[in-house]
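**Q**
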Amino acid sequence: MTHDEALAQFLLRMGDNTLILGHRVSEWCGHAPVLEEDIALANIALDLIGQTQMWLGLAGQIQGGQSADDLAFLRDAWDFRNVLLVEVPNGDFGRTIMRQFLFDAWHSIVLEQLQSSADDRVAAIAAKARKEVAYHLERSRDTVVGLGDGTEESHSRMQGALDYLWPYVGEMFAVDEVDAIMTDAGVAPNPFDLRAQYDALIEKVMTKATLTIPENRFAHKGGRDGRMHTEHLGHLLTQMQWLQRAYPGASW
Amino acid sequence: MRVSTDQVWEWLEAVPDPEIPVISVVDLGIVRDVRWDAETLKVIVTPTYSGCPATSVINMDIETALRDHGVEHLKIETSISPPWTTEWLSEQGRAKLEKYGIAPPQPAGGPQRCPHCGSKAVQKVSQFGSTPCKAHWRCTECMEPFDYFKCI
Numbered sequence: 071m072t073h074d075e076a077l078a079q080f081l082l083r084m085g086d087n088t089l090i091l092g093h094r095v096s097e098w099c100g101h102a103p104v105l106e107e108d109i110a111l112a113n114i115a116l117d118l119i120g121q122t123q124m125w126l127g128l129a130g131q132i133q134g135g136q137s138a139d140d141l142a143f144l145r146d147a148w149d150f151r152n153v154l155l156v157e158v159p160n161g162d163f164g165r166t167i168m169r170q171f172l173f174d175a176w177h178s179i180v181l182e183q184l185q186s187s188a189d190d191r192v193a194a195i196a197a198k199a200r201k202e203v204a205y206h207l208e209r210s211r212d213t214v215v216g217l218g219d220g221t222e223e224s225h226s227r228m229q230g231a232l233d234y235l236w237p238y239v240g241e242m243f244a245v246d247e248v249d250a251i252m253t254d255a256g257v258a259p260n261p262f263d264l265r266a267q268y269d270a271l272i273e274k275v276m277t278k279a280t281l282t283i284p285e286n287r288f289a290h291k292g293g294r295d296g297r298m299h300t301e302h303l304g305h306l307l308t309q310m311q312w313l314q315r316a317y318p319g320a321s322w
Numbered sequence: 022m023r024v025s026t027d028q029v030w031e032w033l034e035a036v037p038d039p040e041i042p043v044i045s046v047v048d049l050g051i052v053r054d055v056r057w058d059a060e061t062l063k064v065i066v067t068p069t070y071s072g073c074p075a076t077s078v079i080n081m082d083i084e085t086a087l088r089d090h091g092v093e094h095l096k097i098e099t100s101i102s103p104p105w106t107t108e109w110l111s112e113q114g115r116a117k118l119e120k121y122g123i124a125p126p127q128p129a130g131g132p133q134r135c136p137h138c139g140s141k142a143v144q145k146v147s148q149f150g151s152t153p154c155k156a157h158w159r160c161t162e163c164m165e166p167f168d169y170f171k172c173i
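Residue numbers (my numbering), protein chains in the order written: chain R, 71 to 322; chain Y, 22 to 173.
1) If contact means a Cβ-Cβ distance below 9 Å, which residues of the segment 130–154 of chain R contact chain Y?
2) Tell me whether Val-245(R) is buried or exposed, calling it buried when 16 or more other Cβ atoms sit within 10 Å of its Cβ.
3) Just to confirm before moving on: does the CB-CB distance between Leu-348(R) and Glu-157(R) stay below 8 Å?
4) What is the residue span of the alpha helix (DSSP H) that Arg-191(R) lies within?
5) Taking only the alpha-carbon atoms, compute the straight-line gap between Asn-260(R) and Thr-253(R) and give it to the nearest angstrom.
6) Name, please, each residue of chain R whose Cβ falls closer than 8 Å to the Cβ of Val-146(Y).
7) Return helix, strand or coil for Phe-149(Y), following the three-state DSSP convention.
8) Quick check for students: name the residue ranges of the beta strand (DSSP E) that lie wholly in the segment 274–316 of chain R, counting only runs of 3 or more.
9) Is the shortest distance between the beta-carbon of Ile-119(R) and the beta-carbons of chain Y less than 8 Å?
10) Taking the alpha-carbon positions, what's the Leu-111(R) to Phe-167(Y) distance?
11) Residues in the segment 195–210 of chain R with C-beta within 9 Å of chain Y's C-beta atoms, listed in sequence order?
12) Which of the three DSSP states is assigned to Asp-38(Y) in this structure?
13) Consult DSSP for Val-64(Y) and reduce its assignment to one of helix, strand or coil.
14) Determine which residues of the segment 66–86 of chain Y have a Cβ less than 8 Å from any Cβ of chain R, and write them out in chain order.
15) Exposed or buried, what is His-94(Y) when buried is set at 16 or more other beta-carbons lying within 10 Å of its beta-carbon?
16) How far does the alpha helix (DSSP H) with Arg-83(R) in it extend, from its first residue to its last?
17) Could you name the residues of chain Y that Met-84(R) contacts, counting a contact when the two beta carbons are closer than 8 Å?
18) Find out if the Cβ-Cβ distance for the pair Arg-165(R), Glu-182(R) is shorter than 8 Å.
19) Answer with yes or no whether the minimum CB distance from Ile-101(Y) to chain R is below 8 Å.
20) Nearest-angstrom Cα distance between Trp-148(R) and Trp-109(Y)?
21) Is the CB of Leu-116(R) under 8 Å away from at least one CB in chain Y?
22) CA-CA distance, Tyr-205(R) and Ala-196(R)?
23) Touching or not, the segment 271–283 of chain R and the segment 22–30 of chain Y, by the rule of three or more beta carbon pairs under 8 Å?
24) I'd like to confirm the pairing. Which residues does DSSP put opposite Ile-97(Y) in its beta bridges?
25) Using beta-carbon positions only, say whether Leu-154(R) and Thr-300(R) come within less than 8 Å of one another.
26) Using a Cβ-Cβ distance cut-off of 8 Å, determine whether Ala-358(R) contacts chain Y.
27) As an exercise, report each continuous alpha helix (DSSP H) stretch of at least 4 residues that is fully enclosed by the segment 139–199 of chain R, in chain order.
28) In chain order, what residues of the same chain have a beta carbon less than 7 Å from the beta carbon of Gly-130(Y), not counting five sequence neighbours either side?
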């Protein structure tokens, strides 16, 4: 695998994570339990889609002239490189917030590191995105604590969400050939090396939220290398892509 | 026609932000540079938030304004580095925001006072508000909700 091939894969992973999570979160628009949460979710989705434009824009440029829109709307499930965590359905509000926190925690740590990437283009996107993600993390962290250490009902839902989502966490720290090339070139950190910092943050917040982190470290994988996505991704894509599929090139 | 860049900056000071029309795109600090590249005028613009839907409207408004002033060869370039920060808001822009009812950003991370009644008894409702750049606060003195232009 050449450097540029690995770089394109790395950028697709970053951009597909933000694209698919951004789409998932946007599904809440108009449906959140209270107005403030509705606004917050929509704003976060918007930030994630904005970040997608930068990541996929650069990926397309490196791959030879595709636009971010081409990559978002014209690829099929097997070409997506997002982790499975971001494609699982929203579930209830608690599960959406828990997924957001588990992702934001990783996202903020990786972006912090990417700011000093040897590739200036990657460093610039990370520096821009990191500022937005600091607000995402603040909110998802506080809401996990508020609901976890809340009523009996909210506590049990948050524990259920953590138990359900925990097996999807490990994939964010998996390492393959793409990561090895990126790490050697100084473009991106080794994902595995981020785990200790991540675990420390998760543990601190879950203790405050009175939630128990499952002991099992089993990890569902197959998203970031495209080997096997969950069945949910295809359903999401039919919603997200239908207009460009039905009316190719439509714009407004 | 090759006008001075000072003249171009003056024209841009009259282009309002589409979401908060009391301040200009120059007050907002998103116009990073104006320069002539041979016969083409280049305007470098940086987005506030990466997903802000106003960005494309802002570029269009800048283009329309400059074309109305007779600039023929124009190129608007987007730059994301260094990333936009609320520290680039002009003093004049901060004052205009407050007069309009939006508390300007403060290094402390929250509004200094209620933009309606001036009370310091203010409370955060949510870090997210009506646009990506604003948080939602309320005053416990006059009981009015208000927007706070949050630091980034």
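Cβ coordinates follow ideal geometry from the N, Cα and C atoms, glycine included. It should be emphasised that the depicted structure is a prediction, and the values quoted were computed from it without experimental measurement.
**A** The structure says:
1) none
2) One-based indexing of the first sequence puts residue 245(R) at position 175. It counts as exposed.
3) Residue 348(R) lies beyond the range of chain R shown here (71 to 322); nothing can be said about it.
4) For this step, residue 191(R) is matched to residue 121 along the first sequence. 190–218 is the span of the alpha helix (DSSP H), which, as asked, contains Arg-191(R).
5) Along the first sequence, read from residue 1 onward, the residue named residue 260(R) stands at position 190. Along the first sequence, read from residue 1 onward, the residue named residue 253(R) stands at position 183. Their backbone Cα atoms lie some 6 Å apart in a straight line.
6) The residue you call residue 146(Y) lines up with position 125 of the second sequence. Glu-106, listed in chain order.
7) Working through the second sequence from its first residue, we reach residue 149(Y) at position 128. Of the three classes helix, strand and coil, the one that applies to Phe-149(Y) here is coil, per DSSP.
8) none
9) In the first sequence, residue 119(R) corresponds to position 49, counting from 1. Yes, Ile-119(R) counts as interfacial toward chain Y.
10) Position 41 of the first sequence, counted from the start, is the residue given in the question as residue 111(R). Position 146 of the second sequence, counted from the start, is the residue given in the question as residue 167(Y). Leu-111(R) and Phe-167(Y): Cα-Cα distance of roughly 20 Å.
11) Ile-195, Ala-197, Lys-198, Ala-199, Arg-200, Lys-201, Glu-202, Ala-204, Tyr-205, Glu-208, Arg-209
12) The sequence position of residue 38(Y) within the second sequence is 17, counting from 1. If DSSP states are grouped into helix, strand and coil, Asp-38(Y) belongs with coil.
13) Along the second sequence, read from residue 1 onward, the residue named residue 64(Y) stands at position 43. Note: Val-64(Y) maps to strand in three-state DSSP.
14) Pro-68, Tyr-70, Ser-71, Gly-72, Cys-73, Pro-74
15) Within the second sequence, numbered from 1, the residue matching residue 94(Y) stands at position 73. Per the 10 Å Cβ criterion, exposed.
16) Counted from its first residue, the first sequence places residue 83(R) at position 13. Here the alpha helix (DSSP H) through Arg-83(R) covers 73–96.
17) Here residue 84(R) refers to the residue found at position 14 when the first sequence is read from its first residue. Simply none; closest approach about 13 Å.
18) Reading the first sequence from its first residue, position 95 is the one you call residue 165(R). Reading the first sequence from its first residue, position 112 is the one you call residue 182(R). Their beta carbons are not under 8 Å apart, which means Arg-165(R) does not touch Glu-182(R) by this criterion.
19) Reading the second sequence from its first residue, position 80 is the one you call residue 101(Y). At least one chain R Cβ lies under 8 Å of Ile-101(Y).
20) The residue labelled residue 148(R) in the question sits at position 78 within the first sequence. The residue labelled residue 109(Y) in the question sits at position 88 within the second sequence. Cα to Cα, the separation comes out at about 43 Å.
21) Taking the first residue of the first sequence as 1, we reach residue 116(R) at position 46. It does: the Cβ of Leu-116(R) has a partner Cβ on chain Y nearer than 8 Å.
22) For the purposes of this step, residue 205(R) is identified with residue 135 of the first sequence, where counting begins at 1. For the purposes of this step, residue 196(R) is identified with residue 126 of the first sequence, where counting begins at 1. Going from the Cα of Tyr-205(R) to the Cα of Ala-196(R) covers about 15 Å.
23) no
24) In the second sequence, counting from the first residue as 1, residue 97(Y) sits at position 76. BP columns for Ile-97(Y) point to Val-64(Y).
25) Here residue 154(R) refers to the residue found at position 84 when the first sequence is read from its first residue. Here residue 300(R) refers to the residue found at position 230 when the first sequence is read from its first residue. In this structure, Thr-300(R) lies closer than 8 Å to Leu-154(R) by Cβ.
26) This structure gives no information on residue 358(R), because the portion of chain R shown stretches from 71 to 322.
27) 163–184
28) Position 109 of the second sequence, counting from 1, holds the residue named residue 130(Y). Excluding residues within five positions, the ones whose Cβ falls inside 7 Å are Cys-172.
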